[in-house]
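S.K.: Below you will find the structure I want to go over with you.
There are 2 protein chains.
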Amino acid sequence: MAREKSEKKRGRKSREERKSAADAAADRLRRRILEGELPAGSMLPGERELSEQLGVSRLTLRSALASLQAQGLIEKVHGAGNRVLDYRETGGVELVAHLARLAVEGGTMPLRLLGELLEFRRLIAVELLGLVAERATPEELRALREHRQAQAELVDDPEGFMKADLDFARLLVRAGHNLTLELLYNTVQRLVTATPGIEAAFAVNSRATLQTYDQLLDLIESRDPDRVRRLARTVMEPLDRRTLDRLAEAASLFAGGEGGAKTEIEPATKAAAPGSPKGEN
Amino acid sequence: MAREKSEKKRGRKSREERKSAADAAADRLRRRILEGELPAGSMLPGERELSEQLGVSRLTLRSALASLQAQGLIEKVHGAGNRVLDYRETGGVELVAHLARLAVEGGTMPLRLLGELLEFRRLIAVELLGLVAERATPEELRALREHRQAQAELVDDPEGFMKADLDFARLLVRAGHNLTLELLYNTVQRLVTATPGIEAAFAVNSRATLQTYDQLLDLIESRDPDRVRRLARTVMEPLDRRTLDRLAEAASLFAGGEGGAKTEIEPATKAAAPGSPKGEN
DNA sequence: ACCAGTTGATTGGTAATACCAGTTCGGGGC
DNA sequence: GCCCCGAACTGGTATTACCAATCAACTGGT
Chain A
0 MAREKSEKKR
10 GRKSREERKS
20 AADAAADRLR
30 RRILEGELPA
40 GSMLPGEREL
50 SEQLGVSRLT
60 LRSALASLQA
70 QGLIEKVHGA
80 GNRVLDYRET
90 GGVELVAHLA
100 RLAVEGGTMP
110 LRLLGELLEF
120 RRLIAVELLG
130 LVAERATPEE
140 LRALREHRQA
150 QAELVDDPEG
160 FMKADLDFAR
170 LLVRAGHNLT
180 LELLYNTVQR
190 LVTATPGIEA
200 AFAVNSRATL
210 QTYDQLLDLI
220 ESRDPDRVRR
230 LARTVMEPLD
240 RRTLDRLAEA
250 ASLFAGGEGG
260 AKTEIEPATK
270 AAAPGSPKGE
280 N
Chain B
0 MAREKSEKKR
10 GRKSREERKS
20 AADAAADRLR
30 RRILEGELPA
40 GSMLPGEREL
50 SEQLGVSRLT
60 LRSALASLQA
70 QGLIEKVHGA
80 GNRVLDYRET
90 GGVELVAHLA
100 RLAVEGGTMP
110 LRLLGELLEF
120 RRLIAVELLG
130 LVAERATPEE
140 LRALREHRQA
150 QAELVDDPEG
160 FMKADLDFAR
170 LLVRAGHNLT
180 LELLYNTVQR
190 LVTATPGIEA
200 AFAVNSRATL
210 QTYDQLLDLI
220 ESRDPDRVRR
230 LARTVMEPLD
240 RRTLDRLAEA
250 ASLFAGGEGG
260 AKTEIEPATK
270 AAAPGSPKGE
280 N
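Which chain is which? The protein sequence lines are A and B, in order. Numbering of the first sequence is given in numbering that gives the first Met the number 0, commencing with residue 0 and proceeding in unit increments. Numbering of the second sequence is given in numbering that gives the first Met the number 0, commencing with residue 0 and proceeding in unit increments.
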């Protein structure tokens with residue numbers, strides 16, 4: 000009875016995160032910082048005391064702090080202490096992952112953030128498509144076409160479709176021949192794959208997505224960067240809008256209907272224009 | 000005479016002793032990975048052995064490994080070992096800082112990377128300017144104008160000019176009203192401020208830069224996003240080209256003229272894939 | 001000879017402790 | 001009064017020990 004057979008042959012993702020103690024501690028601290036409980040500029044307790052508060056050893060706590068430092072959330076000053084920074088000024092892009100999670104899990108973060116995230120992704124995609132139109136080799140274009148065909152077989156398999164979608168995006172980003180952009184995509188992809196249940200957001204528009212891809216590929220083959228950027232922008236916007244709507248639904252599920260006022264999904268239809276009623280187009 | 004610097008038994012590399020032992024170890028490992036000495040897919044030595052190789056405690060080594068893991072360079076598998084990943088597939092944006100440093104310091108990285116980095120920055124800026132043209136409030140525009148005026152006083156102060164330039168960029172990114180973009184800017188700024196001697200690259204074109212800013216601000220106030228994006232692109236390109244030339248010169252200084260640091264400004268027209276650092280060495 | 005299950009050595013993960021190294025700040029000497 | 005210096009914080013590193021997960025070799029059975 001040493002160990003049960005387990006589902007080795009299933010080989011599916013072991014969904015539940017076995018967060019290490021260090022990661023768990025980092026998550027808790029990060030949450031307290033992002034939610035404002037630990038205000039920017041303040042000094043957090045000494046490592047010895049803080050480690051006891053969190054119920055971990057100082058070593059583990061230090062590992063967590065190192066993680067927060069790498070993300071630009073705190074500043075470590077030898078001999079003085081650990082200072083909380085303003086993540087809007089020093090936080091790295093990787094933070095969007097945690098911010099998005101806080102937003103979706105019915106927390107204190109505004110849903111507007113998700114709209115901005117999609118917008119960001121769209122901006123990057125537009126520029127990337129411009130590069131691809133300029134530089135993609137015939138082989139790369141062919142590979143994109145082929146992958147697009149293969150992806151069509153997965154319109155009803157959320158998980159598979161998402162994976163294929165990410166692969167398609169990687170082919171694109173490779174065809175852009177810009178390493179920095181490629182690394183940025185890695186960061187974004189990590190965000191996506193680390194968000195459980197996000198397959199739905201991909202699968203909803205699976206057919207519309209494929210259709211859009213066809214349009215984009217046609218555009219690229221025109222080899223006219225300006226035209227590609229301009230049209231890609233208009234083509235992708237409605238797609239993102241639908242995705243955002245879907246994400247808003249998922250968020251309302253998390254919230255469970257408690258305090259319905261929290262669902263500010265309304266602005267979604269008019270794009271995320273903070274304060275400025277101009278927005279949209 | 001105050002206190003004396005405790006400059007005692009230091010002998011090896013007193014130049015950059017600021018770095019903590021953990022950071023130093025991380026740097027060395029990262030370098031070995033990025034240069035291909037530790038090929039992707041390989042398992043690096045056990046922590047106990049590796050820590051001895053690097054002359055640090057296992058604890059410090061683990062801190063370094065955690066850093067590399069956060070950057071997507073290695074994968075830690077409990078019980079198995081630490082696997083080296085392909086940074087092109089999993090590395091985060093923050094890596095461009097280290098890649099750029101390796102490129103400039105006459106190392107093994109191609110200078111083309113710097114061109115791609117500037118290109119990336121330009122792509123982001125173009126999209127950002129589009130957002131600003133849509134959403135910036137009159138107050139934000141006025142603040143930008145004012146800052147532009149103040150920056151003009153610093154054309155002959157490299158360090159001050161760079162700082163003002165970064166501040167200007169932050170004002171812009173704020174006016175874009177997209178948090179993700181703002182976080183991305185934080186990452187880029189960290190790269191810039193962490194690169195010593197980079198002020199020169201900013202100062203070279205100080206006057207041309209200000210002139211360009213005037214054009215961009217005029218464009219923004221036209222409130223025509225498409226026009227802004229299109230023209231901003233053409234306006235910024237020559238500026239980046241000059242900057243790249245300057246960086247190439249600096250690189251040739253480092254390399255001592257051996258690295259063939261010629262000005263390959265051409266942003267990778269066809270560009271074979273970046274030298275695949277496979278089993279080399 | 002083969003397969004299944006167990007075991008054991010190796011790996012990373014965490015803990016506890018002690019000590020080193022900067023920073024801060026207040027008391028004692030000038 | 002001022003300055004200096006050192007004690008008491010702070011974080012940084014090392015050492016040691018043990019827990020947990022993995023994998024390979026060994027074992028016993030078929």
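Glycine included, each C-beta is placed from N, C-alpha and C at the ideal position.
#1: Note down, in chain order, all residues in the segment 47-65 of chain B with a beta-carbon under 9 Å from any beta-carbon belonging to chain A.
#2: In chain order, what residues of the same chain lie with their CB nearer than 8 Å to the CB of B/Ser221, ignoring the 5 residues before and after it?
#3: Output yes if chain B places a C-beta closer than 7 Å to the C-beta of A/Glu115; else output no.
#4: Note the first and the last residue of the continuous beta strand (DSSP E) segment covering A/Asn81.
#5: Using DSSP's beta-bridge definition, name the partner residues of B/Ile73.
#6: On the CB-based measure, 16 or more other CB atoms within 10 Å of its CB, does B/Gly78 come out buried or exposed?
#7: Judging by CA-CA distance, which residue of B/Arg57, B/Glu46 and B/Glu181 is the nearest neighbour of B/Val76?
#8: Quick one: what's B/Gly42 bridged to in DSSP?
#9: Just reading off the alpha helix (DSSP H) that B/Lys162 is part of, what are its end residues?
#10: Quick check: is the beta carbon of A/Ala96 nearer than 7 Å to any beta carbon in chain B?
#11: Whole angstroms are fine: how far does the CA of A/Arg121 sit from the CA of B/Gln70?
#12: So, with DSSP's three-state summary, where would you put A/Ala99?
#13: Grab the span of the alpha helix (DSSP H) containing A/Asp213 for me, first residue to last.
#14: Along the segment 219-247 of chain A, where does the CB come closer than 8 Å to a CB of chain B? Name the residues.
#15: Counting only Cβ pairs nearer than 9 Å, list the residues of chain A close to B/Ala69.
#16: Using a Cβ distance threshold of 8 Å, determine whether the segment 22-37 of chain B contacts the segment 95-102 of chain B, with at least three qualifying pairs required.
#17: Using beta carbons (cut-off 7 Å, strictly below), is B/Glu126 in contact with chain A?
#18: How about A/Thr194: is its C-beta nearer than 7 Å to some C-beta of chain B?
#19: Whose C-beta lies closer than 8 Å to the C-beta of B/Ala20 among residues of the same chain, with five residues either side of it excluded?
#20: Can you check whether the C-beta of A/Asn81 is within less than 7 Å of a C-beta belonging to chain B?
#21: Helix, strand or coil for A/Ser19, going by three-state DSSP, please let me know.
#22: Whose C-beta lies closer than 7 Å to the C-beta of A/Leu117 among residues of the same chain, with five residues either side of it excluded?
#23: I believe A/Arg87 touches B/Glu181 by the beta-carbon criterion, under 8 Å. Please report the beta-carbon distance rounded to the nearest angstrom.
M.R.: Quick answer:
#1: Leu58, Arg61, Ser62 and Ala65
#2: Ala132 and Val227
#3: yes
#4: Gly80 to Val83
#5: B/Val83
#6: exposed
#7: B/Glu46
#8: The amino acid occupying residue 42 of chain B in the given sequence is Met; Gly does not appear at that position. Beta-bridge pairing links B/Met42 to B/Arg82.
#9: Pro157 to Ala174
#10: no
#11: 24 Å
#12: helix
#13: Ser205 to Glu220
#14: Asp225, Arg228 and Arg229
#15: Ala65, Ser66, Ala69, Gln70 and Glu93
#16: yes
#17: yes
#18: no
#19: Val55 and Thr59
#20: no
#21: coil
#22: Asp239, Thr242 and Leu243
#23: 6 Å
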